[in-house]
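In this note's numbering, the protein residues as written are 7 to 1230. All remarks here apply to the structure that follows.
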Amino acid sequence: MKYLLPKFSVRKPLTVFVSVIMVLMLGFVSFTKMTPDLLPSIDLPYVIAMTTYPGSSPEKIETTVTKPIEQAVATTNGIKNVTSVSNENYSVVILEFNQDTNMDTAMLDLNGKIDLIKDSLEDGVGETTLMQLNPDMMPVMTLSVDVNDMNIEEVSTYVNNEIIPKFERINGVASVSGVGLVEKQLEISLNKNKIDELNNKLKSSVTSELNKQQSQLNSAKSEIQNGKAALEKQSSIQMKKLLEASSQLQSGISQLESMAGILNSTGSSKEDLEKYISSATTTLNDTKSKLKELKKQLNNLPDDSDVHKEKLQEDIEGLEGIITSLEKAIVNAGQGISAVDSLETLKKQQQELENAKLTLSQELTKATVQLSVSESQIKSAETQLNEARKQALDSADITDKITPETINQILSAENFSMPAGYISDDDTEYSVKVGDKFTSINEVKNLILFSMDGIGDVHLKDIANVKVSDNSSDNYTNINGNAGVMLSFQKTSTASTTKVCNEINKVINDLNGTNNKLHILSLMDQGVYIDFIVSSVLQNLVYGGILAILVLLVFLKSIKPTIVIAFSIPISLLFAIVLMYFSGVTLNIISLSGLALGVGMLVDNSIVVIENIYRLRNKGMNKFKAAVYGAKQVSGAIFASTLTTICVFLPIVFTEGITRQLFTDMGLTIAYSLIASLIVALTLVPCMASNLLSNVDEKTHPLFDKIIDAYEKLLRLCLKFKPVVLCLSVGLLVLAAFATTKIGTSFMPEMDSPQMMATINIDSDFSKEEARDITDKVVKQVLTIDDVEGIGAIDSSTSMSFGSSSNNPNNMSAYIILKDDKKKSNDEISEEIKEKTKSLDCEVTVSSSSMDTSSLGGSGLQIIVKGDDLDKLKDISDDLVNLLSNVEGTTNIDGGMGVSTKEERIIINKNKAMKYGLTVAQVFQQISSKLSTETTSTTLTIDSEDYPVIIVNHDTSNLEELRNVEISGTKGTESVSVKLKDICSIEMADTPTSINHDNQTRYISVTAGIDSKHNIGLVSKEVQSKLDSYKTPIGYEIEIAGETESINQAISDLVKMIALAISFIYLIMVAQFQSLLSPFIVMFTIPLAFTGGLLALIITGQELSVISMLGFLVLAGVVVNNGIVFVDYVNQLRINGLGKKEAIVEAGRTRIRPILMTALTTILAMSTMAMGVGMGAEMTQPLAIVTIGGLTYATLLTLFIVPTLYDIFHRRKELRQIIIDEED
């Protein structure tokens, strides 16, 4: 197996050549396809749950929104930590998950849990928005825009209509958001005077209608009274008539009874009288007939018959007398019969009269009852009318009916247009669209809300003022002293940052070229920054490669072997790039630093192979055999050394968080480059050597020979005084470690860039206008600095999209652009800014880079105080502020409570409230609805311009109006209202602007910045010592967090990685040497390297950071390489029969050149990085310094300490080896 690769490559050079061409082609294509970024892709296992509740205080948000959400999500699988911030009007819950959590599944789980509780939240609480944190959410570019001769309103319109659309069309731009843009909105302000006027009209109409009904009732009442009077009068008349008729009947009856009495006295009955009358009538008729005959006879008598005449005359007179008597008797008899009949009739009439009297009495009673019922109904109607009057007048107040919610619902329903489907007619299909949206503001004003009897249609303009307003008074943006706006750009997740930024810059150039009044300034450009850094690292990589080749040329004194190794560098790099491309590693500062670090190491294997081949050729071996055997002899050693270097990065998989994500790329790129270098050393180098090293003339190195002779003398001296050498090396390690405790720690180094960030801290006692005036002065002072090209300042409260926010509403943020040819460093410019602004009423904090990677681990010092009572937390916070103010190096100390605001605390008297059937919750609901001032409604599009509709209600605007708010309640079954002041007391109190939770426990965060002259680690130690002596109240906890916590966690992880890596290195060397003792000898070079790395940090004034700790990790794998080569060669010499000491000395003399060559190539390859050449070099400078310092010290001492230890531990004079016959 040892011969396989070298023999194959020597025998088939064209195959190797084709393979090289393929690697070059694939490498070139892969490099052009890879997207450069600042840092590796970082998956942040964080989810933010944001919920709004307009008009709510932080305490109300905490109890009604934050706590329910925290409790709901706390049981989600994979959750690690739950923190939250309850601010005024909204809640933010931050969920941290374990690194191995499937975030897609977690998001689904969270959505389900939020859905379960949303119905139990109070009315008015908005939908909870879940958002997974992603580095792509950060803006890749920030621009400032201002236009000559335009005010801010005109600039905003121009930017919205002309500039933003062009940027949004760029491929890869996800969104463009603006700060300082004047946004118009349609404001519908409910007008109390108009509503009162409408109420008066309605009350007047209701009163008029009620009066009409009252008039009708009064008329009916009068009619009933008149009816009663008429009934009584008519009753009297009728009764009088009946009484008179009764009297007359009684008199007639008396007479008839008298006559009936006479008849009764004669004993005659009515029948007798009737018979008598009949007989008498017959007699009368006969008598009258006789009388008629007598008269006829008398007339017929002659005149001379006087006697007969007289006789007849007498008879006639006698008959007439009889007739008269009969007629009289008949009349009397008839009268008697009539009297009897009349008496019966009168008696009947008397009975009928009595019946009529009874009927009249009954009818009068009935009529009286009916009149009484009607009168009672009238009285009931009057009562109902009075009640209706009260209810109608009460309901005539439409104030409670005209609410922002009602207006919002009506507007949303009316501003509606939606396809309803399709219909077909004559084989033609038509789409059906229902509704129409508002097209003008007048249409909105004239919208009919409802119709009411008496007042007709009620329009929106009848109850509210409708106007277009804007937010110009809330915006502040100062671009180089001019008013303007800022734009921030976010890219899509798959887009290249540099490509997107380059496209944006092209559009900027086009816009600036077409309008000479337009000024677009790039305030932050990740693309340019990444290009600078990538170019810088690539430049350092090239310089390192060139220096490595020069070292080879100096040592080998031959161009041919140097060419062989020179070829191995680009081929190994391109091979590594191919592997990077297919494993998804991007070109970023970490991966490129790995390549730069690998440049020096990837030639190590080739150097060892070519030096051995070169040595064998000098001994006379033919070129083919020298190429194969030269590679074979060292293949085991270089394989082991490569494996030890690679394995130090294997423990990265056992770390968590950002440490793992950041440095996996570095480990992979170094591993890829070393694997490539190993393959190249065992294939390309033997192949090229067999062809190029045809004629080898042994080169003389007089100077180097003297160095070797001097080294041999020193080595023999060390072998003689072994304890002294070991004690000196161990002592120096202890001293270096002790000195390191004084240099301090940091998370990530700050990087120089052409862009800086500043925070302008202005006391909250100043008004907003005063704060803006102060900021204007700061901008003016910054522009006087020679190295500053431009500055853009904005209100921090409106700069959330730029990643900054503040509890102080007066704080401002500023982007500072530096000139490309600046003469001062960013730190010097920061100090100059502070000096120029120190006389102003503000404190300016400057970050030396707008791309500061130190923020990945938090920034500055942070002390967390946990507890339940806000007042007690504030007391502890005040104590800690005083404590920090006495610690040297702290700046911008913040107690964490923010700027407290005044709060009206309404304390409900429960007993008084219950008298009106009210609970505290019911009172709260009514007050809350009255205090809600704004409601966001629909959006109107008028003349191609969108207007968000805001409904404003200033029903309760001051404390006195609040006290007099009418609260609706009940007393028994009656609805009543009571003034708020009658059931509560109102107190003024301070309240925090936000309330923080950590795992559902309240906390405050006391923060402090660290000035440029002090170190975060050292300051934290002093703070911790003071905290240890602070007496923490029972039930409260204090802990240091922030950057200090991140540093400690990252360094702890890296220490574990180093320990595990050392274990892997030892096991690999055991496998290589087949000995438990020899690897231990080589392992001693690791603490030697650490000594050199620590000394390098102390000498250069660098801090102990995550990057420098990574340097120690790299050292652990690199420094053992020379020890492996040395021990392996000593063993080979001893196996060949050489004595132990002589083998040690001979190995030293033989291997000093490859050892120095490999060490120097690595050191010089990283020298430009260590010197901080180029932008962004600060990021990897500590790693390079540690590596160079450790490798330099370890290389020198390896030549003495490893031989010394080998002599101590290998006491046997002979080395045994199991030999197995091997077939070629």
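Beta carbons are placed, not taken as given, at the ideal position from N, Cα and C, and that holds for glycine. Note that the structure is predicted; figures quoted are calculated from it, not measured.
Looking at the structure shown, is Val-88 part of a helix, part of a strand, or coil, going by DSSP?
-> strand
Using beta-carbon positions only, say whether Leu-1110 and Thr-751 come within less than 7 Å of one another.
-> Thr-751 sits close to Leu-1110, with the two beta carbons spaced by under 7 Å.
Taking the beta strand (DSSP E) that Asn-898 falls in, what are its first and last residues?
-> 896-900
Taking C-beta to C-beta, are Phe-495 and Val-146 nearer than 7 Å?
-> yes
Quick one: Cα of Glu-966 to Cα of Lys-523, how far?
-> Between the alpha carbons of Glu-966 and Lys-523 lies a gap of roughly 52 Å.
Local conformation of Leu-886 per DSSP, three classes = helix
So what does Gly-462 bridge to, in DSSP terms?
-> Met-458
Evaluate the contact criterion for the stretch 679-687 versus the stretch 50-57: three or more CB pairs, one atom per stretch, below 8 Å.
-> Contact between the stretch 679-687 and the stretch 50-57 is absent, because fewer than three Cβ pairs lie under 8 Å.
Buried versus exposed, by CB contacts within 10 Å (16 or more), Asn-83 | exposed
Hey, how far is the Cα of Asp-121 from the Cα of Glu-133?
-> 10 Å
Pick from Thr-1106, Ile-1141, Gly-1099 and Ile-1158: whose alpha carbon is nearest that of Asn-1128?
-> Minimum Cα distance to Asn-1128 is reached at Ile-1158.
Exposure label - Cys-693; buried when at least 16 CB within 10 Å | Cys-693 comes out buried.
Starting from the Cα of Tyr-1212, find the closest Cα among Leu-1189, Lys-1146 and Thr-1174 and give me that residue.
-> Lys-1146
Segment contact, 8 Å Cβ cut-off, at least three pairs: the stretch 31-46 with the stretch 70-80 | no
Keeping to the same chain, check which residues put their C-beta closer than 8 Å to that of Asn-157; ignore five residues upstream and five downstream.
-> Ala-489
Under three-state DSSP, which class holds Met-1177?
-> coil
Where DSSP assigns a beta bridge to Asp-952, which residues make up the other side?
-> Thr-947
Ordered along the chain, which non-local residues of its own chain (more than five positions away) have a Cβ less than 6 Å from that of Leu-187?
-> Residues Ser-162 and Val-491 of the same chain have their beta carbon placed closer than 6 Å to that of Leu-187, with the five preceding and five following residues left out of the count.
Under 8 Å by Cβ, that's how I've got Thr-945 and Val-955 pegged, so tell me the actual separation to the nearest angstrom.
-> 7 Å
Decide if the stretch 11-26 is in contact with the stretch 630-637; the criterion is three or more beta carbon pairs, one per stretch, under 8 Å apart.
-> yes
Local Cβ density within 10 Å of Phe-808, reported as buried at 16 or more and exposed below that | Its pLDDT being 42, under 50, Phe-808 is placed unreliably by the model, and the measurement read from it follows with that caveat. Around the beta carbon of Phe-808, 16 or more other beta carbons lie within 10 angstroms, which makes this residue buried.
Burial state of Ala-501, where buried means 16 or more other Cβ atoms lie within 10 Å = buried
So what's Leu-1083 in DSSP terms, helix, strand or just coil?
-> coil
Proximity below 7 Å, CB of Thr-747 to CB of Gln-787 | no
Using alpha carbons as the reference points, say which of Leu-116, Ile-749 and Ser-759 lies closest to Ala-1102.
-> Ile-749
Helix, strand or coil: how does DSSP classify Tyr-52 here?
-> strand
Measure the C-alpha to C-alpha separation of Ala-1014 and Asn-1021 and round it to an integer number of angstroms.
-> 13 Å
In whole angstroms, what separates the C-alpha of Asp-442 from that of Val-450?
-> 13 Å
My understanding is that Asn-817 touches Ser-802, with C-beta atoms under 8 Å, so please give their C-beta distance in whole angstroms.
-> 4 Å
CA-to-CA distance, Val-1192 to Ala-677, given in whole angstroms | 19 Å
Buried versus exposed, by CB contacts within 10 Å (16 or more), Gly-590 = exposed
With 16 as the cutoff for other CB atoms within 10 Å, does Thr-21 come out buried or exposed?
-> exposed
Look at the alpha carbon of Met-143 and the alpha carbon of Asp-433, and state the distance between them as a whole number of angstroms.
-> 52 Å
DSSP state of Tyr-1042 mapped onto helix, strand, coil | Residue state, collapsed to three classes: coil.
What are the residues that DSSP puts in a beta bridge with His-3?
-> For residue 3 there is no data in the structure shown, the boundaries of the chain being 7 and 1230.
Straight-line gap, Gly-1178 to Ser-599 (C-alpha atoms, nearest Å) | 13 Å
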